[in-house]
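Note sheet for the following structure.
Chains as they are written, first to last, in the working numbering: chain A, 23 to 452; chain B, 415 to 695; chain C, 32 to 355.
Structural data, given as structure tokens:
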């Protein structure tokens, strides 16, 4: 009985034909997709013209910024023009990874840059600041991003690595009390001591006397606080815990500041701590839990209709994070940036209107890009030009995503650093 | 202990009811998942969904074409490696029965139980860290590590099911062992072998953890298999845990496509294998 | 001088190593290569941590990757082991009776036409990808649990420490429920195979003595199949411990040991999934994650081995097929 019955062999043939058809369809589809990317170039021209009209609406928002930023527009224009004529020499595909804090902005940048230069595909993955540092140190990705400035030890582990700030944002204290009659438009007041106590598990309920005293006129609910923090290594955590350490001595001794800390609220009796992965994870946990509090990059709070709190700053005022107040913090605390070490701490900045939990985020790259053997010369050129574009033309996309455009002195310092980027000694810019 | 007939009958009926109930309870989550995925995923499907690249996180519009490409590439690489190696390994287990083969078979069975995240870490160390890049290739290797034991075992089982008389008939006619294996045994066991392969493909299509540390992700289509790749499973994970409702809708849409592919493959295979012919001997 | 038989045998041996069979041998080497590679990668990666923490790693309940004053990390596996054990126990508590019920239904009770479809439907449960379970879990089951199930349990059984505390749906209980759903098809399939393999003689003897179906099950079938049922439970346990995605999405991700089931916790796979990609150059922290992976590998391996050896023992005695 070696011969098959007709029905059986027909079925087998059908399966084989189906598999071949599927493979052919996939291959054909893939071919179609990659060949159609060349036709997208014509449409990108239309997209650039719409972006030009977007730019004019951006500048009205920018006019709300201080005059310093406006005067930087002329500096921006002159610097950009010297690099503007560049065209990529080859199709390149670049991988970056790091913080989730600037992820909305950086991914917006990479997509926009790809529309401007379709041959340059830069893909950014948000895996946490710790991940960005780890992967760039191991030279597995082409560039990294972190909101936590590298420690000297981390610099030592990655010789030749430099960092420069590419944007600036605020860590918002966010909460979900809608079900208790406190809509997200209500701005609750917090002091750093109260926040520290919440995250240490010593303040357990929303109607704790300290919270009630800070928020007269608001009926604080008798509900348990679900305290959400990061479960992965995070620069957002770094800025948040840095702020608490600087302002609350209790926190400084018990917990300290780092990209990843041990949260006392996780083990405190009767307290509920929850870990979320990435800014999206924390925002998601807060959005899904009544009575939750968390710390996230401002955009994640605003885009999900979560309440954003006002925090007491060094001057004693309760300030909510807005583009303006974060900019004030930057202006008051940045000082004179040194291109040789662009780690800038602006937490708990002075100034009456400064938002106290503001932080720069940094791009990490090797000064001599050839140190990473996977980076070819065209890739290095494209990356360097992308960085230049980031701190100049790219800044116009920041306000819409609730990031603050870099102040002029920071842009100038960044430019000096970027001009030192080289490939085996040959400078990459202009 | 003597119970009345009535009480025994009652207990018997109770047992029947409870068992049926158990079966129905198991169906509830299945139906719930199918319903939720269908209703919420369907809303996200449109032409853009299948042709556009993934949007920046939280952004509007966009599609999952790069995720579809990445998934198919990783599964394709895994199949290219896993199917032949698994097939031949299973044939080896059949051709050389003995203590060594028994131990090898035990190793394979144990490997099928290794958590997929451990496989992901191992491939991270072996390939990603060594070659300094996340890639679809590494993702494919990780998936093939999972696929090879499964295919080997199912091939071995299918070959074992072929009656010995058929093999002996071939050998008696003077056909060499190799030819017997290929033209007689494998073609008789074709149904079971194809079923095993199809089921393993369906299984790895739905895997996430091995791809987290190997393929990473990509906002664009890949230029080569040695570039990072987005995949439908990782997309569902990262978009599902984000707070944006638009991202959630995306995740449901991708989950619907994935579910259709995986369940569809399972259904087709299982229905087809029910039509297995019975040999007369 | 060789006899005819010896010459034929020699020719056959020579033929045995022809091209195809060489390919077979080479392919078969692939399986131990995978196993050895995995072991090597895990052991090599976890060496630093094993040397630093020693056996105390398994008993220490502190997970401090970055101590406040910049000292070396203090890491312990106990919170994640605890979470793994608790969620698996919850999963088994739900899954074992239900799987047994399903297996009995499929092998005994289902009318002929319903039998194959019922097997088919339960196997569909196994085919759903883990991440889809996770998505359904986090967007549907978690709100459902926190709105209906958890408050109900707290109101009625809140005096028990396991049901005390606040709840938001993310926690060990929800993770246990999802795990139960995921291992039910697996356990049910193995149990069904075992039960159908019990010889008819056993059943018929009991029926001849006037036993009802239930009594046949209870007195004739299940004791006979008890080894196999235990094997099914052990295999399901191994599956549950290694489950990553669905659990990571609903368990809350906090390193904590607590009696309350509603509170967020973590399991070994969830810790690895969350923290692996971003261990920033911290040698011991990364090594500790590798050690966790090694522990997970070892547990899953042992569970699998025990389960399969139990089944093989049954197969050896001709009691059940070995295609599980």
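We put the beta carbon where it would ideally sit given N, CA and C, even for glycine. Source: prediction; values computed, not measured.
So the alpha helix (DSSP H) residue i belongs to, where does it begin and stop?
i, result
"residue 562 of chain B", "550–575"
"residue 288 of chain A", "286–289"
"residue 422 of chain B", "419–456"
"residue 166 of chain A", "It is not in any alpha helix (DSSP H) - residue 166 of chain A instead sits in the beta strand (DSSP E) that spans 165–168."
"residue 462 of chain B", "461–465"
"residue 391 of chain A", "Premise fails: residue 391 of chain A is in no alpha helix (DSSP H) and is neither H nor E."
"residue 162 of chain C", "161–167"
"residue 533 of chain B", "530–537"
"residue 292 of chain A", "Unbroken run through residue 292 of chain A: none, as it is neither H nor E."
"residue 401 of chain A", "399–413"
"residue 276 of chain A", "271–276"
"residue 581 of chain B", "578–586"
I need the boundaries of the beta strand (DSSP E) containing residue i, first residue and last residue.
i, result
"residue 187 of chain A", "183–198"
"residue 349 of chain A", "Run containing residue 349 of chain A: none in the beta strand (DSSP E); it sits in the alpha helix (DSSP H), 345–355."
"residue 387 of chain A", "380–388"
"residue 248 of chain A", "248–252"
"residue 334 of chain A", "332–334"
Can you list the residues of chain A that residue i reaches, using a CB-CB cut of under 7 Å?
i, result
"residue 186 of chain C", "The premise fails here: residue 186 of chain C is roughly 16 Å from chain A at the closest Cβ pair, so nothing lies under 7 Å."
"residue 547 of chain B", "162, 396"
"residue 95 of chain C", "284"
"residue 642 of chain B", "117, 145"
Spatial neighbours of residue i within its chain, please: CB distance less than 7 Å, with the 5 preceding and 5 following residues excluded, ordered by chain position.
i, result
"residue 643 of chain B", "484, 487, 488, 550, 553, 629, 632, 636"
"residue 295 of chain A", "249, 251, 285, 287, 288"
"residue 612 of chain B", "679, 683"
"residue 256 of chain C", "225, 226, 229"
"residue 146 of chain C", "137"
"residue 75 of chain A", "Unreliable positioning characterises residue 75 of chain A in this predicted model, as indicated by a pLDDT of 34, which lies under 50. A coordinate reading is not provided."
"residue 438 of chain A", "361"
"residue 130 of chain A", "419, 423"
"residue 51 of chain C", "none"
Going along chain B, which residues have a C-beta under 7 Å from residue i?
i, result
"residue 147 of chain A", "630, 631"
"residue 299 of chain A", "655"
So residue i contacts chain C; which residues on that side make the cut at Cβ distance below 9 Å?
i, result
"residue 310 of chain A", "169, 170, 173, 174, 177, 199, 200, 201"
Listing by chain order, which chain C residues have their CB less than 8 Å from the CB of residue i?
i, result
"residue 376 of chain A", "Result: empty, since nearest Cβ-Cβ is about 26 Å, beyond 8 Å."
"residue 484 of chain B", "By Cβ distance, chain C contributes nothing, its closest Cβ being about 14 Å from residue 484 of chain B, past 8 Å."
"residue 289 of chain A", "287"
Going along the chain, which residues of its own chain have a beta-carbon closer than 8 Å to the beta-carbon of residue i, five neighbours each way excluded?
i, result
"residue 304 of chain C", "275, 276, 279"
"residue 261 of chain C", "341"
Which residues in chain C sit within 7 Å of residue i, going by Cβ to Cβ distance?
i, result
"residue 592 of chain B", "49, 51, 52"
"residue 41 of chain A", "Those within 7 Å of residue 41 of chain A in chain C number zero; the least Cβ separation is about 19 Å."
Give me the chain B residues within the contact set of residue i, using Cβ-Cβ distance strictly less than 9 Å, ordered along the chain.
i, result
"residue 302 of chain A", "471, 472, 652, 653, 655, 656, 657, 658, 661"
Between residue i and the rest of its own chain, which residues show a CB-CB distance below 6 Å, the 5 nearest in sequence each way excluded?
i, result
"residue 254 of chain A", "150, 299"
"residue 372 of chain A", "336, 354"
If contact means a Cβ-Cβ distance below 8 Å, which residues of the region 281–292 of chain C contact chain A? 283, 284, 285, 286, 287
For the region 232–254 of chain C, which residues have a CB atom closer than 8 Å to at least one CB atom of chain B, in sequence order? 243, 244, 245, 246, 248
Beta carbons nearer than 9 Å to chain B: which residues of the region 113–132 of chain A have them? 113, 114, 115, 117, 119, 122, 125, 126, 127, 128, 129, 130, 131, 132
Minimum length 3: unbroken beta strand (DSSP E) runs contained in the region 110–152 of chain A: 114–120, 142–148
Using Cβ-Cβ distances below 7 Å, what residues of the region 322–351 of chain A are close to chain B? Within the region 322–351 of chain A, the residues whose Cβ lies closer than 7 Å to any Cβ of chain B are, in chain order, 322, 325, 326.
For a minimum of 4 consecutive residues, which ranges assigned as the alpha helix (DSSP H) are wholly contained in the region 615–673 of chain B? 623–626, 646–654
Residue ranges of each alpha helix (DSSP H) run of no fewer than 4 residues wholly in the region 297–325 of chain A, ordered along the chain? 300–310, 320–324
In chain order, which alpha helix (DSSP H) runs of at least 4 residues are fully inside the region 252–279 of chain C? Within the region 252–279 of chain C, the complete alpha helix (DSSP H) runs of at least 4 residues are 257–273.
Members of the region 68–86 of chain C near chain A, C-beta cut-off 8 Å: none
Report the start-end ranges of each alpha helix (DSSP H) in the region 184–240 of chain C that is 4 residues or longer and not cut off at the edges. At a cut-off of 4 residues, the continuous stretches assigned as alpha helix (DSSP H) that sit fully inside the region 184–240 of chain C are 203–227, 231–239.
Of all the residues that make up the region 224–253 of chain A, which are near chain C by a beta-carbon distance shorter than 7 Å? 246, 248, 253
Which of the residues in the region 530–556 of chain B, read from start to end, lie with their CB under 9 Å from any CB of chain C? 530, 531, 532, 533, 534, 535, 536, 537, 538, 539, 540
Report the start-end ranges of each alpha helix (DSSP H) in the region 95–182 of chain C that is 4 residues or longer and not cut off at the edges. The qualifying runs are 109–135, 143–158, 161–167.
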